[in-house]
Structures are given as C-alpha cells and as structure tokens.
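Single-structure report; data block below.
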Amino acid sequence: MDTDGIDLHRIPRESYTDGSFHGVEFLPDNFRDSPNETTMRVSEKYSTLPADEKGIHIINIRAIEDIGYVRTESTLLNSFSQDPDANCKYGLYFRDGKRKVDYILVYHYKKSSFSRTLTRRIHFNDLGPRSLKQDQPLPGKGGQVNMQDIEPHMDYHEDDKRVRREEYESNLMQTGLELERDEDTKIHGLGFVKIHAPWNVLCREAEFMKLKMPTKKVYQIHQPHGLLKKINSVIQKITEPIQPKVAEHKHQTVKRLSYPFSREKQHLFDLSDRDSFYDSKTRSTIVYEILKRTTCTKAKYSMGQGEGRKKETTLLNKRRKCGKYGITSLLANNVYSAAYPLHDGDYEGEHIEPNDRKLLCEEWASYGVFYKYQPIDLVRKYFGEKIGLYFAWLGVYTQMLIPASIVGIIVFLYGCATVDENIPSMEMCDQRNNITMCPLCDRTCSYWKLSSACATARASHLFDNPATVFFSVFMALWAATFMEHWKRKQMRLNYRWDLTGFEEEEDHPRAEYEAKVLEKSLRKEYRNKEKGQQLPEEAANKWRQRTEKEKLTWKDRFPAYFTNFVSIIFMIGLTFAIVFGVIIYRISTAAALAISSSPGGRSNVRVTVTATAVIINLVVIIILDEVYGCIARWLTQIEVPKTDKSFEERLIFKAFLLKFVNAYTPIFYVAFFKGRFVGRPGDYVYIFHSFRMEECAPGGCLMELCIQLSIIMLGKQLIQNNLFEIGIPKMKKFIRYLKLKRQRPVDYEEHMKKKQRYEVDYNLEPFAGLTPEYMEMIIQFGFVTLFVASFPLAPLFALLNNIIEIRLDAKKFVTELRRPVAVRAKDIGIWYNILRGVGKLAVIINAFVISFTSDFIPRLVYLYMYSESGTMHGFVNHTLSYFNVSDFQEGTAPNDAIELGYPVQICRYKDYREPPWSESKYDIAKDFWAVLAARLAFVIVFQNLVMFMSDFVDWIIPDIPKDISQQIHKEKVLMVEVFMKEEQGKLQLLETWRDKDKRKGENCNNHSPRSSMSHRGSISSCHSCHVEV
128 MDTDGIDLHR IPRESYTDGS FHGVEFLPDN FRDSPNETTM RVSEKYSTLP ADEKGIHIIN
188 IRAIEDIGYV RTESTLLNSF SQDPDANCKY GLYFRDGKRK VDYILVYHYK KSSFSRTLTR
248 RIHFNDLGPR SLKQDQPLPG KGGQVNMQDI EPHMDYHEDD KRVRREEYES NLMQTGLELE
308 RDEDTKIHGL GFVKIHAPWN VLCREAEFMK LKMPTKKVYQ IHQPHGLLKK INSVIQKITE
368 PIQPKVAEHK HQTVKRLSYP FSREKQHLFD LSDRDSFYDS KTRSTIVYEI LKRTTCTKAK
428 YSMGQGEGRK KETTLLNKRR KCGKYGITSL LANNVYSAAY PLHDGDYEGE HIEPNDRKLL
488 CEEWASYGVF YKYQPIDLVR KYFGEKIGLY FAWLGVYTQM LIPASIVGII VFLYGCATVD
548 ENIPSMEMCD QRNNITMCPL CDRTCSYWKL SSACATARAS HLFDNPATVF FSVFMALWAA
608 TFMEHWKRKQ MRLNYRWDLT GFEEEEDHPR AEYEAKVLEK SLRKEYRNKE KGQQLPEEAA
668 NKWRQRTEKE KLTWKDRFPA YFTNFVSIIF MIGLTFAIVF GVIIYRISTA AALAISSSPG
728 GRSNVRVTVT ATAVIINLVV IIILDEVYGC IARWLTQIEV PKTDKSFEER LIFKAFLLKF
788 VNAYTPIFYV AFFKGRFVGR PGDYVYIFHS FRMEECAPGG CLMELCIQLS IIMLGKQLIQ
848 NNLFEIGIPK MKKFIRYLKL KRQRPVDYEE HMKKKQRYEV DYNLEPFAGL TPEYMEMIIQ
908 FGFVTLFVAS FPLAPLFALL NNIIEIRLDA KKFVTELRRP VAVRAKDIGI WYNILRGVGK
968 LAVIINAFVI SFTSDFIPRL VYLYMYSESG TMHGFVNHTL SYFNVSDFQE GTAPNDAIEL
1028 GYPVQICRYK DYREPPWSES KYDIAKDFWA VLAARLAFVI VFQNLVMFMS DFVDWIIPDI
1088 PKDISQQIHK EKVLMVEVFM KEEQGKLQLL ETWRDKDKRK GENCNNHSPR SSMSHRGSIS
1148 SCHSCHVEV
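Just so we're aligned, residue 128 is where the sequence shown starts under the numbering used here, counting upward by one.
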C-alpha cells in the first residue's frame, strides 16, 4: 500500500495504455459480481472497518501494462500528480488536470484510534513489496484480520452512513460516472467526492432526457424590412450604451437548428469541440439526474448483531428512510451533508482566468450597471432556464413599471396643482364658516372647529381627485398589458433557448414520499404477521410487487389535510386578532392623548396615533411573515406530496395565502371598515363597553389609507427585502470569521491559504429556491395594483426598489450562494396564475376604494342632484348632520363644554341623518340611500367596463409573436428537409450498391467459353458478392 493511502481503482484499458500509470495491480473481472463488495479502497484516514467486513481487497503497486485487465464501464479515481493544486486548477478538475469536476458530494467523517490500528494491521499483513511479479496471487486474500479478536468502540451511526456511501458511490460508478475522493482538505472532518461524467455518459443521458442540442444546420433568422428595419436600427443605436458587454446578448442574425440529441444521429450535430458541446450547466444537470435515480438500499447493521441490537430501532428506521432514489434520501438522512455543482471559478482578484461567473459579476451583479439591460442569455447559460426566466420576468416587470410610475407622478402633480382650486377643502379651511364639530371621544374630548382639519383635507385632495379614477382604470389595463407582454417575451425566450417542444416529464418521487409509502407497506406486513398469516414464497413475491405499486391515498393524508385546514384558519384568526389589538391601541392611545396637558399632543392626536399604529403593524407583519413561511413549509411537509413540483406548488399556495392575509389585513381594515360602524352622537358603538369605535378624518379615510399603504410597502421593501438580504449573509459570514479566529492559530493559517474550489463553494449559503424571491415581488405587485387608487406613487417606489432588487439578487446568486442545479422550465409556473388572480382582484378592490373609501361618488351625487349652482359650493355642509347636545347619553358629554369660548347647543358630525328637529330625528336620511345606490352602480359599471377592456387587451394582443411563430414553423420545415436529405442519401447509396451488384452479376454471366470449366466457381463468387452487399 502506498503511504499516501491510494484508493482502489477501476481503470479502463484506454486510460492506461499510454503508460501514464505505473505499478498498480488490479482486481479480477468478477470482482463486481458480489453486490456486497465495494469497488473503492479508502485511504487510511477514512477506513473504520476491517477489510473482510467491507469486502475490500488491498492492491499492490505493479506495472499496469503487464496486466491484461478487461475494460469496465466505470473508472476510479485518484491520479498521481505531484502538484495536484496546479494541475486541477484548484479543484475545478480531477488531479490529472483533464477530467472536469461536474458535481460535488460532501460528507462528514470521524476517525478513531481503532481505525488507525486496523489500517496498520492491514498494511503489515497484506502488503508485499512493490516488486512482486504477476504470477503471485492477488493481495488481500491472505492475512485477513480476525474480527473476533478485536473489540472496538464503534459509532454505529457513522459506520452505517459510511457503508451507504460506499454502496451509493459504487452504484454511481456502475452508471459510468468517474469519482475521486478528497479528505485531505483545509476543512477538518469533511470529505469531498468529485464526480465527472465522461462523454459516453453525457451522450446517453442527453438522449434519455431529450435535450435539444445544436446541429450543423445554420439558418437565417427573419429580419424586419423597410420602415421596421430602420426603426430597429435607430433603437439599437440609442440603446447601445445600456446593453451589457456580453457576447450572448448581441443581436443574432443566424441560428443553429436544434434537435433532441440521439447517439444514432451524432453526425447531425456540431461535435467539432466536444469539450464545449455540453456546457457546465448541462453537465451538472445530467449528473444530478443520475444522482436522483441511483438506488441505495444497504444498511450495515441489522437487528441482532451484537452491539447493533441496542441501535436496532434507529438503524432500521434509517434503512427504511433510504428510499428508492438516492441523493435526496441520503441528504435527508445526513449520509451526505451537501451536494452541489461548482462555480466556474473566482469572480474577483488578480490573475483570474476569464469565466462566466466573473463576467456575470462585472456586467450583471454590480450596482454600477443598474441602468443596463440584464444579460439574460448568459444568466440562463450559467444558472439554467428556471432562474433565467425569473430574472427575465423581473426585468419585464421593472420595465413595465416605468410608464406606470410616469402616469402616477402626473396624477400626483395634478393633485398638487389643483389643491388650491378644490372647493370642498377651501370650505373646510374657511374659518368664517364657524362649523362646530361633535367630540371625537367621550368626556375627555371637547368640541372642535372643522377648520382645524384644514391640512388633512388639503392633503387628501392629493390622492382623492378625479385623476385617481383615471389612474385606477389605467393600472387595470396596465396589469393586463403586462401579463400579455410577459407571455410574448416568454415565447421569445422559449424559441431562443430551444424550449418550444419541451414538455415537463413526471419527476422522481420525493424521499419523504418513498419513506411514507414504505412505512405503509411495512405496517400492512406487520399486521398480516400479527394475524398469523405466513406468506409462502409466491405470495411473498406478489406482496413485494403490490408494495412497489403502493401509494398514498386521501385517507392516508386526511390527518395532514385536517391539520392544514385547522392551522390555516387559526393563523388567519391570529392575524385578525392582532389587527384588532392594534385597533384597541389606536382607540386607547387617542383617548389618552386627548386628555394630555400638552397642547401639541392634543392637536396632533390623529397623526401620532396613525403613525405609531402603522409602525406596529409593520413590525408585526415582518415577524409573522417569517413565522408563516416556516409554518407553511411544515404544513406542506406533513402532507407528503409525491413530487418536488407538487411540493413547491402546495407550499407556494399556503405561503401566499398566509402572507397575503398578513400584509393586507390592516390595509383592508382602514379602506373598508374604519368609520363604517361608529354610530352617531348619543348612540355610539363601543368595544368592551369602554372604547368607542374610531372615526375617519373629516376629509375621509383615504389619506390614512395612503399613509398605511406607503409605510407598510416602503418599510417591508427596505427592511425585509433589502436589509435582510444584505445584512443576514454578512452577519453569518462575520460569525464564521469570529469562530475561526477563536480556533487554534494553525487552523486559522490553514484557512487563510488558497482553498480548492469545492471547499470555497461549501462555505457559501445553499440555494433555497426561488419561492422567497417570487413571493416578495408578488406581494409588491399587490401593493402596486390592489390599492393604487389611494397611492398613485406606489409604482414609482416599486420601480426604485426593483432597480436595486435585481442587482441585489444577482450579487447574491453569483457571489453568496452555491451554484444551483440548472432546471429546465418553459414558464414561471403557478406564479403566472397568481399574478392573473391579483390583477382581477385589483379591479374589484379599486372599484370599492373609489366608491366607498373616497368622496368621489358623494361629490358626483351632490353635483348633479343637490347643488343649486351646479358647483361644489355647499358640499361640506351637505355631508354633515346636526346633533342636539342635550341628547348625549349620561356620562358621555364633554367635561369642558365651553373650551371653544362659547356654549354649544348644536354640533355637527359626518353622516347622512335626519336633524334633531325632524319627526324621525337621527334616522338615516334619503340622501344616504341615493349615495349608496350610486356607489353600487359605479362598482358594477367600473368592474365590468374594466374587465371587458382587460379581456379585449388579452384578445387583441397575440400570445405568440408573429415572427416567432414563423421561425418555429421554419425550424420544423428545415428539420424535415434535413431528414429527407439524409433519407435520399441513404437511398442513393443503396442504389449505388445495387448497381455495383448488378454489374458484377452481368460480368459473371458474360464470361468467355474458355472459362466454362470454372463456371460454378464464378456463380458461387457472384452469389457471395450479393450476400455481402
């Protein structure tokens, strides 16, 4: 054995005939026949069991050319380079510097004194001198260690994991993958298994996965002519400064025809450069597919094996959890701690070789290029189609926010320009009207002048004006246009990325689902055994077949479904309870500030209460967002969905439902419930018989809704979306640095040395999926569309946030996360349906906001039904009812009735009720019913009109651009032509062979008479030629 602990190798003949390996003796061909034998010899640092226990044969170092070893499908492992870091480009390649690392498996291992003693015994007993000749018996067959003489202290859990890893890695090698182990790393206690997929494996899997690859056929992309060509050229020149300097982003005039890869038709594909034919993204995807379907079923210890008896339950459960598909089960059971593809290299520093990661960092993941377009094609090339589609969607959404922001600014400026011409606010600010208002609370609050609410009335006009209605209609059409624009963009990307004919196949079952099915079948088997039914061999075989077809039914999932229903109802109720608690806070705080001795406190009661309550709501929303995200994941896990896609869709639905309710419940309260159930002076509505329901300001609740929406939206974006995404990774990195500094100086110096690529990537954060990224954007889309009638500046703030968000997410993906496995996808999945649902809901909500929250409808009713002059003069007086202060309930009248300097007999309050001198005093007046009818009519007309316009936009804009549909049709025609030419070539070749055969036959029949003696031989020769053809 080599002192470095050389691993056991399975090397094909092609790998060693060049004489690059010397002195290695190999195992016989039948070594793989036993399923319990491993194909890899671990190093001294890794061995924990005797050789006979593991089925391992120790090898001698010999001349490899003298051994007639028959080629096998797999190749292992360690090469013998003197300077591995230089040859392997610091972990991007195997130690031979030729085979590229496509995937990494990481595991934890422990070394005991027993393993070192055992390895030394094997070393002295089994290894002979390196000059042994070929005729000596294979090493490892003699001198075996007697396990009965050794009583080690063993970690059965770790040993069980090791055996699983050995079997799994052996199975991987049988699929054709090549592995190389590295335990001599700068991260102590971690081992890395490097995986390389050779050419034949890549071709086989590409054919299985139906990957579209470029052929030799190149065709011209349809180019616009005439005026469109001139317009496009002008646009290209104008936008040239904001285009990223990336080759993939340049305008292409030609395109290679793509076709699903087939090994039988390799001559059709452009294989001029095999190293670049499969890029790193495709290679890692292929390897991941193999990792998912490779099986692992072995557990080292079973019931009744000495020390193992103590751990029988745990180990049996672990063995059952191993499942049918390997890597997901092994990661779930901590057999491997991580599995990930490598980044292409470093992105910063001196003397770095050019790579896609560095290019992405410079042209995409930098705040200095915020004004440029995204290099979407390069993002797709590096991260895959699914992530590429997310950033493409985010880019389209951000671009579409530009016109919405411009119109929103215009609407806001219109409100600012017309505030001095607004007659209702001028009447409220006119102190000559001398309108005395009823107290806002019992006893402690006194009468007040309507003119004191002048600032609130003027501010309300900024967001409550006729232009708001237009902006609501515009945003509804904007949402429909955005969805159609995205569908067209998505089709362009599908054509460009060769996804036009892609159909998602059924994914592998999840490890948890397999474990649950296995547990169900074992439970049935156990019940049958309890009944005393001993199954014969044939019945047992049928039982195994039935077990393989076992699946979870709704009865199995009913407890999980019931738990989901109860939990979701409880959490929605919890959100309502928190909002109700904030309402109590607002009411009690307003009452406390009303009796304050400070005049400033009494004058700013409404502003103080609103601001503090909104901040409390914001903090609660941020906290509950994190809690609900974890609960939604737990609820989805107990449902045990079958596939990853089903798991993701269920998780998205639950998380969106909970976060939607959490984010918008306080806003819904202000928009539709505040001030609706107040009552009237002398007959107010009380909570707990103590707190009076709060009222809207004299200018309406729209201004308060605007404050609530703006603070929650901006705070959520600033704190949760940006600060958390920047701060939490930095904090984790700083904590790791502090932990490392507390270690021994030797460890710190080792850490500061240059690490291998897979060690650096292991220290990065694992990729957690796109659900959080989509979720925050969908919630923001709701803020932009649902209540845009109350906050026209929402698109502007969303635009500013997204400009930062794109670069922030890009920097996170490129520099702070492990490289995710590339996933093929042709759309954004369930998120598109959620967007459409939010867009439809936005039309309804904005209709109700304009009708019931703003004063737009009451003003129209007054203008056309009650105004004597045809103007808005007298509107404020029309909306205020009269109240006789003598009708106050006992104990509710103000303590200081003459605070204004004069006794008050009649006060005013905002409502449509009969005056106290009427026969039916304080009853609802007919004006209220007229306004209510107008409001409901507006909701119906607005909703149907805008829905019709949105559907008309959907209908008039085709989902597939005309040029793309033409190009797709052209590709089909060209592919048919390629195959027709191939068939014609085959027919011509066959005709040529037939002509040759015919001429040979004629030559045989037209021979001279002198050759008649050999006539039979000639005929025989002719027949033989015919058979050969």
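Where is the CB? At the ideal position from N, CA and C, for every residue including glycine.
All of these numbers come straight from a predicted model, not from anything done at the bench.
Alpha carbon to alpha carbon, what distance is there between residue j and residue i?
| i | j | result |
| --- | --- | --- |
| R951 | C833 | 42 Å |
| A586 | M830 | 7 Å |
| Y283 | N460 | 14 Å |
| G318 | Y688 | 41 Å |
| W624 | M340 | 10 Å |
| Y405 | F388 | 11 Å |
| R819 | R713 | 11 Å |
| D810 | M602 | 41 Å |
| H478 | L505 | 23 Å |
Quick check on the burial criterion: 16 or more other C-beta atoms within 10 angstroms. Buried or exposed for residue i?
| i | result |
| --- | --- |
| T980 | buried |
| P351 | exposed |
| E303 | It should be noted that the sequence gives Gly, not Glu, for residue 303. Classification of G303: buried, given that the 10 Å Cβ count is 16 or more. |
| Y498 | exposed |
| F1010 | buried |
| Q363 | exposed |
| G535 | buried |
| K427 | Residue confidence for K427 is low, a pLDDT of 48 falling below 50, so the modelled location carries little weight; the figure read from the coordinates is stated next. Buried, since its Cβ has 16 or more Cβ neighbours within 10 Å. |
| H323 | buried |
| Q347 | exposed |
| L299 | buried |
| D160 | Low confidence applies to D160: its pLDDT is 41, below 50, so where it sits in the model is not reliable, and the reading given next is rough at best. Under this definition D160 is an exposed residue. |
| W575 | buried |
| C330 | buried |
| A544 | exposed |
| W1044 | exposed |
| N929 | buried |
Cβ atoms of residue j and residue i: under 8 Å apart, would you say?
| i | j | result |
| --- | --- | --- |
| L540 | P922 | no |
| I933 | T525 | yes |
| T702 | T792 | yes |
| M698 | R1035 | no |
| R1040 | I1051 | yes |
Along the chain, where does the beta strand (DSSP E) containing residue i start, and where does it finish?
| i | result |
| --- | --- |
| A466 | A465 to Y467 |
| C423 | No beta strand (DSSP E) contains C423, which DSSP labels as neither H nor E. |
| S1008 | L1007 to N1011 |
| F319 | L317 to H323 |
| S385 | V381 to P387 |
Strictly under 8 Å for the Cβ-Cβ distance: is residue i near chain B by that measure?
| i | result |
| --- | --- |
| I862 | Absent here is chain B; the protein component of the structure consists of one chain. |
According to DSSP, is residue i part of a helix, a strand, or is it coil?
| i | result |
| --- | --- |
| T1230 | As shown, the chain starts at 128 and ends at 1156. That puts residue 1230 outside it, with no answer to give. |
| N561 | coil |
| Q301 | helix |
| N1022 | coil |
| F396 | strand |
| P793 | helix |
| F787 | helix |
| D569 | coil |
| Q347 | strand |
| V734 | helix |
| D1038 | coil |
| R713 | helix |
Along the chain, where does the alpha helix (DSSP H) containing residue i start, and where does it finish?
| i | result |
| --- | --- |
| L1157 | Missing from the structure shown is residue 1157; the chain here goes from 128 to 1156 and no further. |
| P551 | I550 to C556 |
| Y959 | I957 to F975 |
| R401 | R401 to F404 |
| L620 | P593 to R623 |
Are there any heavy atoms of the ligand GDP lying less than 7 Å away from the beta-carbon of residue i, as far as the coordinates show?
| i | result |
| --- | --- |
| A459 | Ligands in the displayed structure: none, and consequently the ligand GDP is not present. |
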